[in-house]
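Peer 1: Per the working numbering, residue 113 is the first one in the sequence shown, and the count goes up by one each step. Ideal Cβ positions, reconstructed from N, Cα and C, are used throughout, including at glycine. As the structure is a prediction and not an experimental result, all values here were calculated from the model.
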Amino acid sequence: MKPLTPLRRTIALIALALGGFGIGVTEFASMGLLPNIASDLIPGFEANPQQEIARAGIVITAYALGVVIGAPLFAIFGARASHTRLTFLLLVLFVGGSLASAAAPTFETLVLFRVLAGLPHGAYFGAASLIAARIMGPGSQGKGVALALSGLTIANVVGVPLATWLGQSLGWRWAYVLVAAIFAATLALALAFLPRYAANPDRDPRSELRALANYRLWIMIAVGSIGFGGFFAVYSYVSEVTTRITGLEPPAVPWVLAVMGLGMTIGNLIGGWASDRNLVGTIVVGFATFVASLLVYTWVAPSPVGLFVTVFSIGLTEAILIPSIQARMIRIADEAELLGAAVNHAAFNVGNGLGAWLGGAVIAAGFGYLAPGWVGIALALVGFALALLSVYIERRDKARSRNTVGIRVVGEA
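1. Tell me whether ARG121 sits in a helix, a strand or coil according to DSSP, three-state version.
2. With contact counted as at least three CB pairs below 8 Å, one residue from each stretch, are the segment 504 to 514 and the segment 343 to 362 in contact?
3. If I'm right that SER387 touches SER436 with Cβ under 8 Å, what's the distance once you round it to whole angstroms?
4. With burial defined as no fewer than 16 other Cβ atoms inside 10 Å of the residue's Cβ, what is the status of TRP284: buried or exposed?
5. In terms of residue numbering, what span does the alpha helix (DSSP H) encompassing ASP388 cover?
6. Report back the beta-carbon spacing between THR265 and VAL365 to the nearest angstrom; my notes put them in contact at under 8 Å.
7. Since TYR175 is in the alpha helix (DSSP H), which residue starts that stretch and which ends it?
8. Should GLY471 and SER348 be called a contact, given that it needs their Cβ atoms to be closer than 7 Å?
9. Would DSSP call ALA325 helix, strand or coil?
10. Rounded to whole angstroms, what's the CA-CA distance from GLY518 to ALA193? Just pull it up for me.
11. For TYR504, which of helix, strand or coil comes out of DSSP?
12. Suppose you measure from the CA of PHE225 to the CA of ARG322; what does that come to, to the nearest Å?
13. Determine the contact status of THR196 and LEU128, defining contact as a CB-CB distance below 7 Å.
14. To the nearest angstrom, how far is it from the Cα of THR401 to the Cα of PRO217?
15. Across the segment 487 to 501 and the segment 401 to 410, are there enough close Cβ pairs to call them in contact, namely three or more that are closer than 8 Å?
16. Please list, in chain order, all residues of the same chain as ARG121 whose beta carbon is under 8 Å from its beta carbon, the five residues on each side excluded.
17. If you draw a straight line from the alpha carbon of GLN280 to that of VAL137, how long is it in whole angstroms?
18. Using a 10 Å radius around the Cβ and a threshold of 16 neighbouring Cβ atoms, would you call GLU361 buried or exposed?
19. State buried or exposed for LEU391, treating a residue as buried only when at least 16 other CB atoms are found within 10 Å of its CB.
20. Distance check for SER142 and VAL353, CA to CA, integer angstroms please.
21. Would you mind sorting ILE469 into buried or exposed? The rule is 16 or more other CB atoms within 10 Å of its CB.
22. Tell me which residues share the same chain as LEU501 and place their Cβ nearer than 8 Å to its Cβ, disregarding the 5 neighbours each side in the sequence.
23. ALA166 and PHE157: beta carbons closer than 7 Å?
24. Contact check, ALA459 vs PHE340 under 8 Å by CB: the rounded distance?
25. Measure the CB-CB distance between GLY398 and ILE432 and report whether it falls below 7 Å.
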């Protein structure tokens, strides 16, 4: 393959980020449009809006389920494939899933199409992160992950508020039409500018599967699944907090989402930079500040100033964790790097579904729209504890290795 020119390198990286931007819009716009989807597709919505909005949260869970199913499947069966060609295929699937969601005639079919739309999500971020790191050069794994994720976080500043406004103004279906257009544009740029990295015929799907036997990887999957659930417990219902608790009008919802997205964008950049310097320290500090942000949110969200300040803080601290946890998963997965990169997003979306479900459950039980904040604190604390367990196991194993390699143990002949 010929060396990349600076222009082609730049546009290739922009294309990868634009795909992440589309994913951010399709994943998060549903959260701001739950009332619109519920009122349109669920009969009897007006009679019990609190109950039916909680039910509409299944749309979020459905997309997350698609990510959880698709991430390991594409990683395993695409083990020998060129990461570039795999990216093309995944973008085609995104376009189809988005258009199907926009055309869904019933709530049940929308749920099904959201599962299908989520299938390529994790594998795209996995392949895009590895391609970006390869384009940027050695020692830039954290930066490559952060760049691929930058579109996801920027989407929360621009794309999600735009899609929310569009869905509120013209109907929720237009949000998914917008998503399909973003993915179509990404595909066109990718076809024109992504470097054609060759497939690896020596890779075997069984080697990807063997990585799943590593219990250290499963601990990190649990860190992401439960810890990120704390974020989604709040994010899934922030539009209802904005209008029903803080007392702002519906047009304020896109602004709240934009402020949270701004925090995520800054946090992602910090997380990518910090992960290349002190990976474990980034995870520990990220979780500690994330828990603190959620706690303050439950106290001050009824105030407009408090709401805006805390959603920014929650977005910032949560996003610091994303590239650091993904980089750690890639290292733990070792040779199964695509699987390690992809399963982080499967874990992220287990958290998406778990947080949305538990947050909706406490609302439906009558605890109020701020109750998901306490659910978020509990989930984040469990994720933090599991992250500390992962670090402890790693250090214990290193200590054992030092005591058994090249050092004669007492009592040994």
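Peer 2: From the atom records:
1. Note: ARG121 maps to helix in three-state DSSP.
2. Not touching, per the Cβ criterion.
3. 4 Å
4. buried
5. Here ASP388 belongs to no alpha helix (DSSP H), and DSSP marks it neither H nor E.
6. Their Cβ separation, rounded to whole angstroms, is 19 Å, which puts THR265 and VAL365 out of contact at 8 Å.
7. 170 to 189
8. yes
9. coil
10. Bear in mind that a pLDDT of 49 at GLY518, under 50, signals an unreliable position, so the number given afterwards is only what the model happens to contain. So the two alpha carbons sit approximately 40 Å from each other.
11. helix
12. 31 Å
13. Cβ atoms of THR196 and LEU128: not closer than 7 Å.
14. For THR401 and PRO217, the distance between alpha carbons rounds to 43 Å.
15. The answer is yes - the segment 401 to 410 touches the segment 487 to 501, with three or more Cβ pairs under 8 Å.
16. For ARG121, where only same-chain residues beyond five positions count, the Cβ hits under 8 Å are ILE247.
17. Going by the C-alpha atoms only, they are around 15 Å apart.
18. Exposed is the call here.
19. Result: buried.
20. 16 Å
21. The sequence as given places Trp at residue 469; Ile does not occur at that position. Buried.
22. ILE331
23. Taking 7 Å as the Cβ cut-off, ALA166 and PHE157 do not qualify as a contacting pair.
24. 7 Å between Cβ atoms; contact.
25. yes
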